[in-house]
Every structure is written in C-alpha cells, then in structure tokens.
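Residue numbers (the UniProt record's numbering): 1 to 454. Cβ coordinates follow ideal geometry from the N, Cα and C atoms, glycine included. Inspection log for the structure reproduced underneath, given as structure tokens.
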C-alpha cells in the first residue's frame with residue numbers, strides 16, 4: 001500500500017502522525033491508547049490483510065477505580081474479621097490467669113487469637129494434670145489404707161496370719177470393707193474432680209477414652225504419666241504414715257491360675273470402662289450421678305476379684321505398691337496386659353453401640369417431656385426445643401451472637417437480598433428446673449425464645 005494512503009488512514013484513526021508512518025504496523029497496534037479519546041477504537045492494519053482492533057473502554061483510570069472499590073471492600077471485610085478475632089482473643093484471655101497473660105502487642109487479631117488459644121490449651125493441660133494427680137493420689141491413698149486395715153497385713157495370704165479364710169481369701173467382712181474402701185474412694189474423688197479433669201485416675205480408662213476420641217494423644221500421655229506418679233506417691237506416703245507399713249500388693253490367690261487371673265482382671269476392668277463410657281462419656285439426665293455409678297461398678301468388681309486376683313483393674317494401683325515394696329513377680333504382667341486389653345475391647349463395644357444409635361432403642365429415655373416453644377418475631381409458634389440448663393446458657397448466648405453476626409454479614413455482603421443464618425443444632429439437656437426468660441432476636445433462628453432451666 002502506498003505510503004500516502006497509509007498515512008491518511010492512520011491520521012483518520014488518530015493512532016499515528018505522519019512522522020511515524022514508517023513504524024511497523026503491528027507494533028503500533030500494541031502501543032498505548034490515545035488519552036484524548038479513551039473510548040475510541042484503534043485500528044491498525046495487520047499482517048496478510050488482517051485488521052486488528054483494540055478497545056479503549058478499559059482505560060488505566062477506569063481499571064484503577066474498579067480495583068479501588070474492590071480493595072476498599074476487601075479492607076472493610078478484613079477489618080471486620082480482625083475485630084471479631086480481637087473480641088474472641090479477649091474472651092479467651094479472660095479465662096487465663098495472670099501468669100499466662102502475654103505482654104505482646106495487641107495487633108494482628110487472628111495471630112493474637114491463636115496465641116491466646118495456645119496459652120489456653122497449655123493452661124488446660126496443666127490444670128487437668130494437676131487435678132488428675134491430686135485425685136489419683138487421694139483415691140489410692142485412702143483405698144490403700146482401708147484395704148490394709150481390712151486384710152490386717154495381707155490381702156491375699158495363706159497361713160500367714162491376718163483375717164483370711166481357709167483357701168487364703170479374705171473373710172466376708174474384710175472383703176466387704178476392702179471393696180467399700182476402693183469403691184467409695186473412687187466415687188468421692190471422681191465426683192470432686194469430674195468437672196476438672198474427668199476424674200479418670202486409671203491409665204486403662206485414659207487409654208480407652210483415647211481410643212474413642214474423647215482424649216487426644218498428648219493428654220493421654222500426660223495423664224498416664226501423672227497417674228502412675230500419683231500411685232507411687234500414694235503408696236509411699238501410706239507406707240510412711242501407717243504403722244508397720246502397708247501390704248496391699250496385687251497377687252493371684254492360692255488356687256487361681258494365670259489364665260483365670262488374666263480373664264478375671266479383663267472382665268472386671270471391661271465392666272468398669274463400659275460404666276465410664278455409658279455414664280460419664282455422654283451428657284444425659286443422669287450425668288451428674290456418673291461418679292456414683294462408676295464407684296459402684298468398682299465396688300462390685302472388687303467384691304468379685306479381691307480374693308482371686310487382688311482386684312487391681314488399674315495398672316497404676318498395681319505399680320505403686322510394687323515400686324514401694326521393690327518386688328515384682330512372674331505374674332505382674334497380668335495387671336497391665338488385662339486392663340489394656342479390656343480397654344481395647346470395651347472401646348470397640350462402645351463404638352459399635354454408637355454406630356447402632358443405641359439411644360433410639362428405648363425412645364424418650366432421656367426426655368422429661370418438657371419442651372419450650374420457638375416463636376418468630378410476630379409471636380407465632382414455629383416449633384419446640386428441649387430446655388437447657390443454666391450451665392449451657394453462656395454457650396447458647398455465644399451461639400446467638402454468632403448467628404446475629406452471620407446475619408449482619410450476609411445482609412452487608414449480599415446485594416439486593418437479606419438472608420438469615422441457617423438453623424443450628426440446639427444443645428440438648430433434659431434437666432428440670434425453673435425457666436428463665438431469654439431474649440428474642442429480630443429474625444427467626446433456632447435460638448429464638450429458647451428458655452433456660454436451672
């Protein structure tokens with residue numbers, strides 16, 4: 001194409017002046033668009049007769065305005081998240097003692113919340129370990145003293161004095177006293193520390209709870225070490241304080257074989273662990289009485305096993321007196337293998353029951369028939385929920401606030417629409433008591449007009 005014709009076309013399109021007529025057309029098509037007319041379409045002849053067009057609608061200034069709006073919206077969303085994170089961090093730090101408070105700066109809501117949560121986990125592990133040590137120590141210290149008094153120097157003995165029967169077992173009165181000592185000691189200490197560490201006091205029970213996911217690996221290891229240490233301490237203190245020392249080692253009866261001893265310990269420990277799972281592992285109407293039921297389970301197990309195996313059911317209970325006496329015989333392994341084997345089997349049984357939804361077998365067994373109506377903002381009943389206890393009130397309030405925040409966030413982030421948060425599951429508790437009024441939110445949620453029982 002002649003140069004004059006090319007210059008004329010380029011001048012008409014406003015893309016080049018005559019001085020740039022010799023420039024490569026393809027390169028000119030890729031150049032910046034004219035500032036004088038940012039919305040015009042630039043034309044440049046291409047190679048092999050193809051024409052190229054470049055739209056000038058999306059100018060750098062327009063793109064800058066678009067990115068600025070998105071950046072402001074993103075910054076606003078980030079600021080809201082940081083505010084919520086700071087609020088959550090403040091709530092976590094309120095539960096921390098002063099020794100766990102940090103002097104770090106208050107910036108970075110998410111990071112601050114994670115640091116506070118980490119300190120809270122450390123504090124909780126420390127509290128659980130301390131409570132478990134004290135509880136295990138008191139449980140075994142009292143039980144050792146009662147059992148020592150009952151046997152008058154020997155739990156399982158034959159022809160060595162003491163209050164025994166002809167076959168080497170304790171007579172009924174001594175057996176009853178020893179069993180009551182273990183059962184009542186466990187019940188009282190478990191009841192006292194149930195809300196702090198769970199009141200486990202038994203490495204086999206701790207292992208079983210780990211298998212079912214109720215206790216994580218770190219806590220299981222910590223509590224197991226603590227329980228063994230507390231048992232040794234309890235046996236040592238009892239040895240010093242009781243005149244003549246203690247003789248409460250677990251040994252097989254005179255006529256009990258190794259196989260019999262293993263399975264007696266196995267079944268008695270499984271009975272105890274299942275009682276823990278079904279009474280204390282879940283929240284139900286009788287949860288507050290769980291320590292009593294667990295203590296009774298140990299009591300009847302001791303009645304059965306004391307004269308036959310010494311009634312250990314607890315590796316820590318066996319280790320403490322053995323360490324103090326510096327004596328280990330060839331059957332000691334039974335008192336470790338049997339309880340841990342029982343933990344495996346009992347955990348499997350409990351998981352099977354959960355898989356089968358066992359709580360539907362007896363319909364309404366945990367219900368007292370008391371329900372609370374759910375009402376919308378106009379006062380119309382829309383459903384009902386089981387009443388909850390006063391202990392759950394703070395959690396319910398937090399869940400209400402979370403739903404309210406989610407509603408508000410959804411209303412801000414959705415253009416032209418306003419949707420409410422999805423319904424959430426309501427924690428169940430069937431304890432009876434007086435109902436307290438609860439606030440009514442503006443929109444219907446799962447927590448509207450949920451009453452609280454004390």
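Under the three-state reduction of DSSP output, residue 344 falls in the helix class.
Judged by DSSP secondary structure, residue 317 falls within the alpha helix (DSSP H) whose first and last residues are 315 to 325.
Minimum Cα-Cα distance from residue 142 among the listed residues 205, 123, 246, 360 corresponds to 246. Taking C-alpha positions only, residue 171 is separated from residue 254 by approximately 15 Å. With a contact defined as Cβ atoms closer than 8 Å, residue 146 and residue 178 qualify at about 7 Å.
Here DSSP, grouped into helix, strand and coil, assigns residue 252 to coil. Distance from residue 309 to residue 352 at the Cβ level is roughly 28 Å; contact not present, criterion being Cβ atoms closer than 8 Å. According to the DSSP assignment, residue 309 belongs to the alpha helix (DSSP H) that extends over 290 to 309. A distance below 7 Å between beta-carbons, with the five flanking residues on each side excluded, links residue 314 to the following residues of its chain, in chain order: 202, 204, 339. The beta carbon of residue 312 lies closer than 7 Å to those of 250, 265, 318, 335 in the same chain, with the five residues before and after it left out. Contact annotation: residue 185 and residue 126 have beta-carbon atoms that are not nearer than 8 Å. In the DSSP annotation of this structure, the continuous segment of the alpha helix (DSSP H) that includes residue 219 starts and ends at 217 to 241. Annotation: the continuous alpha helix (DSSP H) that includes residue 206 extends over 203 to 211. Distance from the CA atom of residue 116 to the CA atom of residue 124, rounded to whole angstroms, is 12 Å. With 16 or more other CB atoms across the displayed protein chains lying within 10 angstroms of its CB, residue 144 is buried.
Residues 143, 146, 147 of the same chain have their beta carbon placed closer than 6 Å to that of residue 181, with the five preceding and five following residues left out of the count. Between the alpha carbons of residue 305 and residue 291 lies a gap of roughly 21 Å. By alpha-carbon distance to residue 323, the top candidate from 402, 239, 198, 243 is 239. Per DSSP, reduced to three states, the secondary structure at residue 260 is helical. Taking each of 191, 273, 122 in turn and checking the Cα distance to residue 206, the smallest one comes out for 273. The beta carbon of residue 233 sits closer than 6 Å to the beta carbons of 137 from its chain, once the five residues preceding and following it are set aside; these are given in chain order. Residues 145, 148 of the same chain have their beta carbon placed closer than 7 Å to that of residue 242, with the five preceding and five following residues left out of the count.
Residue 132 is positioned such that its CB atom lies no closer than 8 Å to that of residue 279.
Annotation for residue 332: 318, 322 place their beta carbon closer than 8 Å to its own, counting only its chain and skipping 5 residues before and after. When the Cα atoms are used, residue 259 and residue 326 turn out to be separated by approximately 25 Å.
For residue 221 against residue 129, the beta-carbon gap comes to about 11 Å, at or over 8 Å, which does not count as contact. By the 16-neighbour rule on beta-carbons within 10 angstroms, residue 173 is exposed.
By the CB criterion at 8 Å, residue 350 and residue 277 fall inside the cutoff. A residue is called buried once 16 or more other Cβ atoms fall within 10 Å of its Cβ, and residue 231 is buried on that count. Taking a C-beta distance under 8 Å as the contact criterion, residue 183 and residue 262 do not qualify as a contact pair. Here residue 208 is not near residue 135, since their CB atoms are 8 Å or more apart. Within the model, the alpha-carbon separation for residue 345 versus residue 218 is close to 22 Å.
Collapsing the DSSP output to three states places residue 194 in coil.
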